[in-house]
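Down below is the structure, laid out as C-alpha cells.
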Amino acid sequence: MSAAAPTLVELFGQPGAGKRTLVRAAASHAKTKADLTAAWRRLPALAKAHLFGRTALDGACLIAATRLAIGARLNRGDSLFRLARLVIKSHWVRAQKDPLLLEEAHLQDLWSIFYSADRTGPDPRLLAPLIRCLYRGVEAQIVFLDADARSAFDRIRGRSHGKSRLDRLSDTDLQGRLAATAQLPYRIIDAARLANVEVETLDASRPIAANAGRLVAMVQQLEASAASRS
Numbered sequence: 014m015s016a017a018a019p020t021l022v023e024l025f026g027q028p029g030a031g032k033r034t035l036v037r038a039a040a041s042h043a044k045t046k047a048d049l050t051a052a053w054r055r056l057p058a059l060a061k062a063h064l065f066g067r068t069a070l071d072g073a074c075l076i077a078a079t080r081l082a083i084g085a086r087l088n089r090g091d092s093l094f095r096l097a098r099l100v101i102k103s104h105w106v107r108a109q110k111d112p113l114l115l116e117e118a119h120l121q122d123l124w125s126i127f128y129s130a131d132r133t134g135p136d137p138r139l140l141a142p143l144i145r146c147l148y149r150g151v152e153a154q155i156v157f158l159d160a161d162a163r164s165a166f167d168r169i170r171g172r173s174h175g176k177s178r179l180d181r182l183s184d185t186d187l188q189g190r191l192a193a194t195a196q197l198p199y200r201i202i203d204a205a206r207l208a209n210v211e212v213e214t215l216d217a218s219r220p221i222a223a224n225a226g227r228l229v230a231m232v233q234q235l236e237a238s239a240a241s242r243s
C-alpha cells in the first residue's frame, strides 16, 4: 500500500487579505508556516543536501521555471533567487507527512517573485506548467481570499508586526502599489486553474469564524481523500 499524499490547504491573496489571521484561527488542525520553518531549521545538513539534490534532478520543474523566467522577463536577481527557492520549497512541502495549512506557500511566493520583478500581468498560460510541477504529488486546495483594495489597505495599516515590503510604504505609495498589483492575484489564480489545482474563493470580508470553519473542513476533507487513495 502506498503512502498517503501530503495534504496542503494554502491561503492566497493580495497582502492585507487576512491570511495570517485566518491561519491563527484554524492552526490547531494542521501544521502552519511557522511549524514548517522550525522543522526546516532542525533538519540535518545531510537531509537538506539530499533535498537540494532531488531538486537538481527535477528536470520538469527546472525547465518550467526557466521558461517562466525567460518568458516573463524575470531578470532581477531577487526574483531569480526566489524562483529557485520556490522549487526547493515544493520538494520540502512534498516531504511532509502531517496536513499543512499555510498562509504563505507556492502561489504567494509567485506573487512575491512577480512583485519584486515589477511584472504585474503574467500570462497564466506561461505560469501554469510551473504551478503544475509545484503541486505534483500533493493533495492541494487553494483558498483564494478575495479582498478589495480598501480593506487590504486598512488591514496593512492596522497591523503592528507586518513584515511585508508593503508595510514600509507611505499611505500614498501603498495605495499606488495595491492598485498596480490588483490584477496579479487573479492572473495567478487563473494559472492555478489552468494547471488543474483546486481553487475555492472565500470573501475576505466574511466573519473570521465562518472562514476558519471552512478551512478546518478543507483540511479534514483532503486528509480523508489522501487516505482513501493510499
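Just add 13 to the spot in the sequence shown (first one is 1) and you have my numbering.
For glycine and all other residues, C-beta sits at the position ideal for the given N, C-alpha and C.
Through-space distance from residue j to residue i, alpha-carbon basis
i: M14; j: I201; result: Reliability fails at M14, whose pLDDT of 39 lies under 50, so the model's placement of it is uncertain and the value that follows must be treated cautiously. Those two C-alpha atoms are separated by around 35 angstroms.
i: A38; j: R145; result: 29 angstroms
i: I101; j: G134; result: 25 angstroms
i: A18; j: G150; result: 6 angstroms
i: G84; j: T34; result: 35 angstroms
i: F65; j: R98; result: 10 angstroms
i: A30; j: A62; result: 35 angstroms
Coarse secondary structure for residue i, derived from DSSP in three states
i: S15; result: Its pLDDT being 49, under 50, S15 is placed unreliably by the model, and the measurement read from it follows with that caveat. Three-state DSSP puts S15 in coil, outside helix and strand.
i: L244; result: With the chain running from 14 to 243 in the structure shown, residue 244 is simply not present.
i: L197; result: helix
i: K110; result: coil
i: G31; result: coil
i: P135; result: coil
i: S125; result: helix
Strand pairing of residue i, partner residues [DSSP]
i: T20; result: E152
i: F94; result: Paired residue(s): none; F94 is not in a bridge.
i: L158; result: L215
i: K44; result: L113
i: F25; result: F157
C-beta contact flag for residue i and residue j at 8 angstroms
i: S129; j: S92; result: yes
i: V331; j: L24; result: This structure cannot settle anything about residue 331, because the visible part of the chain is limited to 14 through 243.
i: A205; j: I155; result: yes
i: T20; j: V232; result: yes
i: R95; j: I76; result: no
i: V22; j: L114; result: yes
i: F166; j: L182; result: no
i: R132; j: R86; result: yes
Environment of residue i [buried if 16+ CB atoms lie within 10 Å]
i: R138; result: exposed
i: N209; result: exposed
i: Q121; result: buried
i: P220; result: exposed
i: R163; result: exposed
i: G189; result: exposed
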